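One structure below.
Residue numbers (the numbering used here), protein chains in the order written: chain Y, 1 to 423; chain P, 1 to 423.
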């Protein structure tokens with residue numbers, strides 16, 4: 001097996017070609033990749049069957065088995081997602097600003113690819129194709145290290161994608177799948193600071209903390225989404241209830257689902273009994289502070305851990321607060337910097353909430369579930385950042401590039417006097 | 001002495017107030033800081049004299065003594081620089097994009113402060129005031145750890161700045177000077193991943209590598225500037241010579257000075273003898289490859305190390321190349337990703353050079369010395385990044401913020417069907 005540093009260096013060497021590829025060539029490549037995935041359906045599904053068999057034998061839970069499972073329809077979905085990336089605008093070469101300086105030099109800020117991006121992720125085999133498509137479209141080389149449970153599926157998917165690269169006359173090392181599944185190999189990979197420009201870990205908090213704590217290269221990550229919804233005094237209760245149910249129930253395993261409901265005490269007596277019933281009907285367990293519990297039959301007492309928890313399940317923590325300031329103080333204390341929502345009719349309260357909190361996504365009267373690259377108009381999502389550097393919140397193609405300076409002059413110098421006396 | 005974690009936590013707690021301060025209040029604060037620096041002139045210069053005395057006793061070189069030295073005129077310059085930051089546009093709250101989604105939610109990308117920024121730097125005491133002004137203007141708290149040589153100067157400067165904070169009713173912990181000069185304290189500081197949002201090291205390559213290798217928080221840095229100038233066949237020789245002299249001679253200790261001159265072989269026979277004479281007159285030592293040496297009397301043979309070196313002195317490496325492709329290949333091999341210049345009359349060659357190289361700043365027919373925040377119109381410079389993440393090239397106020405998402409709706413949800421059946 002080739003060692004990881006050699007693989008990474010080959011990937012980096014192949015990065016120059018993809019960085020300079022014209023938009024139409026990249027789009028054609030992505031469409032060819034989608035075709036290759038469909039052409040390899042039998043191989044990919046057979047590989048996936050091996051993964052599923054091994055996972056079942058290990059006694060892996062049904063939720064994870066479902067994330068791992070591919071079928072013809074899901075594979076078509078993966079291919080369609082790759083095609084959609086081909087349709088997105090190319091961020092590379094975009095001129096974000098252009099201006100002349102007083103001395104006449106013309107300055108442009110222009111987006112360039114980051115270089116080599118390493119993705120480290122868990123079970124879902126669709127990430128292999130999604131991440132490859134997004135990284136390549138933004139002109140980057142990509143190193144993929146998926147979970148061991150999906151190794152056969154990932155290898156088959158990567159083989160299809162690599163064939164499309166070769167057929168386009170590109171070195172297939174620009175997309176490198178790491179098949180060596182030892183954790184020491186991840187460790188070595190994330191310390192290659194002269195080779196890798198960015199690591200994006202996706203998966204459980206344990207994996208992400210391992211990467212963040214050991215990386216010698218920049219990491220963009222989020223540990224968890226403890227998303228809050230605050231219902232202000234005088235809020236539209238129907239609207240607040242709709243946002244609560246959408247936020248909590250529509251996909252509890254998503255990081256943009258609600259984990260905590262805070263309610264102003266002046267609206268609690270009418271709103272919380274309705275909320276309790278609507279949540280109960282939908283199977284949501286309620287963990288409430290003392291004031292809220294008195295108004296929500298069937299709720300249990302919330303601990304401090306409950307208010308800090310990302311349940312990823314049909315469970316919600318509920319608290320009653322004295323006023324907007326108390327809601328802000330609660331959120332500041334427990335925030336994961338992901339997404340916070342205020343439901344209010346008072347524009348001044350809305351602005352105060354937006355300004356007082358510095359989470360990646362802050363919302364007024366909208367569902368936390370819109371905190372998503374697709375929903376916010378990025379076209380696709382490579383991950384979500386709760387690190388306030390480079391990118392904050394859902395990350396699309398643009399987050400896989402950086403702006404640099406391009407300067408055009410006609411011989412301008414800083415110290416003309418220096419030049420004159422010489423020959 | 002209070003331990004560093006306690007200091008950092010106090011700084012972080014004070015960050016909320018500065019993050020929410022209106023622009024005019026921040027500008028008034030900065031002007032008061034400039035006044036406080038001038039009011040403390042006697043104290044600051046006395047403290048500086050103590051540093052200079054200790055440095056002389058240690059036998060520190062004259063260049064470093066000069067960087068350390070303050071006088072009334074230099075202090076006025078420092079105060080003026082703080083005032084200039086007050087005049088710059090405030091990046092916080094800037095809406096960079098605004099759009100509606102098909103479902104009617106309104107999305108804005110809005111700049112917010114990064115949070116807590118740690119600056120780790122060497123001798124120059126002016127950095128204490130410059131960095132404080134830039135970080136605070138961008139709504140950030142700042143932890144400053146300057147070099148031991150400047151400790152008395154830095155303490156006196158920080159005391160003046162902190163007085164202005166207190167008089168403005170702000171907690172002065174928002175600007176924290178680390179007076180504990182042990183290297184273990186830096187180590188502890190740069191591992192406080194729950195407290196510090198960004199570390200910017202400025203100084204020698206040794207300090208920067210130490211920070212980069214041990215940090216558990218994001219680092220923005222550049223190790224060195226090995227800036228290249230390539231003179232194309234058919235270039236205007238007078239123009240090429242002016243850019244060469246400005247690039248090499250105007251301030252050899254700056255990271256944006258030229259270190260390597262590459263010349264197309266078709267222009268070498270006429271250009272290099274002129275360049276050799278002009279450089280010689282100005283005391284520049286020439287280290288040349290075989291072909292260049294034959295045309296540059298007095299030059300010595302360049303080693304591979306010379307082409308990789310940041311001389312920071314009146315020394316230049318010179319090479320003759322067969323064509324533009326060879327120049328690009330040379331620069332790709334030796335680049336520090338800082339700044340590269342092409343001198344050419346051929347627009348197609350200029351575009352090829354700009355596209356083939358991915359350094360932070362690429363220039364056509366302009367001096368490498370323009371690779372500077374002030375010269376490129378950023379107003380001021382907190383540092384230069386050769387890391388392709390967050391910021392690439394000179395960094396101004398905007399680089400001390402990040403864009404987040406602000407969403408305003410009227411009750412939109414992702415799964416309306418989910419809501420209906422409930423009570």
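The beta-carbon is built from N, C-alpha and C at its ideal position, and this holds for glycine as well. As the structure is a computational prediction, the values presented were derived from the model and not from experiment.
Neighbouring residues, chain Y, relative to residue i (Cβ below 8 Å)
{"i": "residue 358 (chain P)", "result": "19, 112, 113, 115, 404"}
{"i": "residue 377 (chain P)", "result": "99, 101, 107"}
{"i": "residue 355 (chain P)", "result": "20"}
{"i": "residue 297 (chain P)", "result": "Simply none; closest approach about 13 Å."}
Secondary structure of residue i, DSSP reduced to three states
{"i": "residue 395 (chain Y)", "result": "strand"}
{"i": "residue 297 (chain P)", "result": "coil"}
{"i": "residue 230 (chain P)", "result": "strand"}
{"i": "residue 338 (chain Y)", "result": "coil"}
{"i": "residue 209 (chain P)", "result": "helix"}
{"i": "residue 104 (chain Y)", "result": "coil"}
{"i": "residue 218 (chain Y)", "result": "coil"}
{"i": "residue 125 (chain P)", "result": "coil"}
{"i": "residue 7 (chain P)", "result": "helix"}
{"i": "residue 405 (chain P)", "result": "strand"}
{"i": "residue 316 (chain P)", "result": "strand"}
{"i": "residue 183 (chain P)", "result": "helix"}
{"i": "residue 134 (chain Y)", "result": "helix"}
{"i": "residue 176 (chain Y)", "result": "strand"}
{"i": "residue 414 (chain P)", "result": "coil"}
{"i": "residue 168 (chain Y)", "result": "coil"}
{"i": "residue 284 (chain Y)", "result": "coil"}
{"i": "residue 423 (chain Y)", "result": "In this prediction, residue 423 (chain Y) scores a pLDDT of 45, lower than 50, which makes its location untrustworthy; the coordinate-derived value is nonetheless stated afterwards. Reduced to three states, the DSSP call for residue 423 (chain Y) is coil."}
Neighbouring residues, chain P, relative to residue i (Cβ below 9 Å)
{"i": "residue 199 (chain Y)", "result": "Near residue 199 (chain Y) there are no residues of chain P at all, since even the closest Cβ is about 11 Å away, more than 9 Å."}
Contact set between residue i and chain P, taken where Cβ atoms lie within less than 7 Å
{"i": "residue 253 (chain Y)", "result": "Correct list: empty, because the minimum Cβ distance to chain P is about 14 Å."}
{"i": "residue 410 (chain Y)", "result": "365"}
{"i": "residue 392 (chain Y)", "result": "402, 403, 404"}
{"i": "residue 388 (chain Y)", "result": "114, 115, 197, 402"}
C-beta atoms of residue i and residue j nearer than 9 Å
{"i": "residue 340 (chain Y)", "j": "residue 223 (chain Y)", "result": "no"}
{"i": "residue 380 (chain P)", "j": "residue 41 (chain P)", "result": "no"}
{"i": "residue 354 (chain Y)", "j": "residue 378 (chain Y)", "result": "no"}
{"i": "residue 438 (chain Y)", "j": "residue 9 (chain Y)", "result": "Not covered by the structure: residue 438 (chain Y). The range shown for chain Y is 1 to 423."}
{"i": "residue 149 (chain P)", "j": "residue 51 (chain P)", "result": "yes"}
{"i": "residue 68 (chain P)", "j": "residue 48 (chain P)", "result": "yes"}
{"i": "residue 198 (chain P)", "j": "residue 211 (chain P)", "result": "no"}
{"i": "residue 360 (chain P)", "j": "residue 392 (chain P)", "result": "yes"}
{"i": "residue 4 (chain P)", "j": "residue 178 (chain P)", "result": "yes"}
{"i": "residue 254 (chain P)", "j": "residue 332 (chain P)", "result": "no"}
{"i": "residue 190 (chain Y)", "j": "residue 118 (chain Y)", "result": "yes"}
{"i": "residue 296 (chain P)", "j": "residue 327 (chain P)", "result": "no"}
{"i": "residue 121 (chain Y)", "j": "residue 132 (chain Y)", "result": "no"}
{"i": "residue 31 (chain Y)", "j": "residue 82 (chain Y)", "result": "yes"}
Whole-number beta carbon distance between residue j and residue i, since they are thought to touch under 8 Å
{"i": "residue 367 (chain P)", "j": "residue 109 (chain Y)", "result": "So it is not a contact: roughly 19 Å between Cβ atoms."}
{"i": "residue 288 (chain P)", "j": "residue 299 (chain P)", "result": "4 Å"}
{"i": "residue 406 (chain P)", "j": "residue 114 (chain P)", "result": "Incorrect: roughly 17 Å between the Cβ atoms, too far for contact."}
{"i": "residue 261 (chain Y)", "j": "residue 316 (chain Y)", "result": "6 Å"}
{"i": "residue 278 (chain Y)", "j": "residue 171 (chain Y)", "result": "With 8 Å as the limit, residue 278 (chain Y) and residue 171 (chain Y) do not qualify as a contact, their Cβ atoms being about 56 Å apart."}
{"i": "residue 21 (chain P)", "j": "residue 139 (chain P)", "result": "7 Å"}
{"i": "residue 225 (chain P)", "j": "residue 336 (chain P)", "result": "6 Å"}
{"i": "residue 18 (chain Y)", "j": "residue 412 (chain Y)", "result": "Actually they are not in contact, since the Cβ atoms of residue 18 (chain Y) and residue 412 (chain Y) sit about 34 Å apart, beyond 8 Å."}
Partner residues on chain Y for residue i, Cβ-Cβ distance less than 7 Å
{"i": "residue 333 (chain P)", "result": "Near residue 333 (chain P) there are no residues of chain Y at all, since even the closest Cβ is about 12 Å away, more than 7 Å."}
{"i": "residue 249 (chain P)", "result": "418"}
{"i": "residue 246 (chain P)", "result": "413, 414, 415, 418, 419"}
{"i": "residue 242 (chain P)", "result": "411, 413, 419"}
{"i": "residue 125 (chain P)", "result": "Residues of chain Y passing the Cβ test: none, with the nearest at roughly 25 Å."}
{"i": "residue 239 (chain P)", "result": "411"}
Contacts of residue i in chain P (Cβ-Cβ under 8 Å)
{"i": "residue 319 (chain Y)", "result": "Within chain P, no residue comes near residue 319 (chain Y); the closest Cβ sits about 21 Å away, beyond 8 Å."}
{"i": "residue 22 (chain Y)", "result": "Here the premise fails: no neighbours, minimum Cβ distance about 10 Å."}
Residues that residue i contacts on chain Y, provided the C-beta gap is smaller than 9 Å
{"i": "residue 446 (chain P)", "result": "Past the boundaries of the shown model lies residue 446 (chain P); chain P is included only from 1 to 423, so the question cannot be answered."}
Inset, instruction - Entirely within the segment 18 to 100 of chain Y and at least 4 residues each: give me those alpha helix (DSSP H) ranges in chain order. - result: Within the segment 18 to 100 of chain Y, the complete alpha helix (DSSP H) runs of at least 4 residues are 23 to 39, 41 to 57, 62 to 68, 72 to 87.
Legend entry - Minimum length 4: unbroken alpha helix (DSSP H) runs contained in the segment 233 to 279 of chain Y: With a minimum length of 4 residues, the continuous alpha helix (DSSP H) runs that stay inside the segment 233 to 279 of chain Y are 237 to 249.
Legend entry - Length-filtered (4 minimum) alpha helix (DSSP H) runs lying within the segment 320 to 388 of chain P: Within the segment 320 to 388 of chain P, the complete alpha helix (DSSP H) runs of at least 4 residues are 324 to 334, 347 to 356.
Legend entry - Residues within the segment 190 to 216 of chain P neighbouring chain A, beta-carbon criterion of under 8 Å: No chain A is part of this structure, whose protein chains are labelled Y and P.
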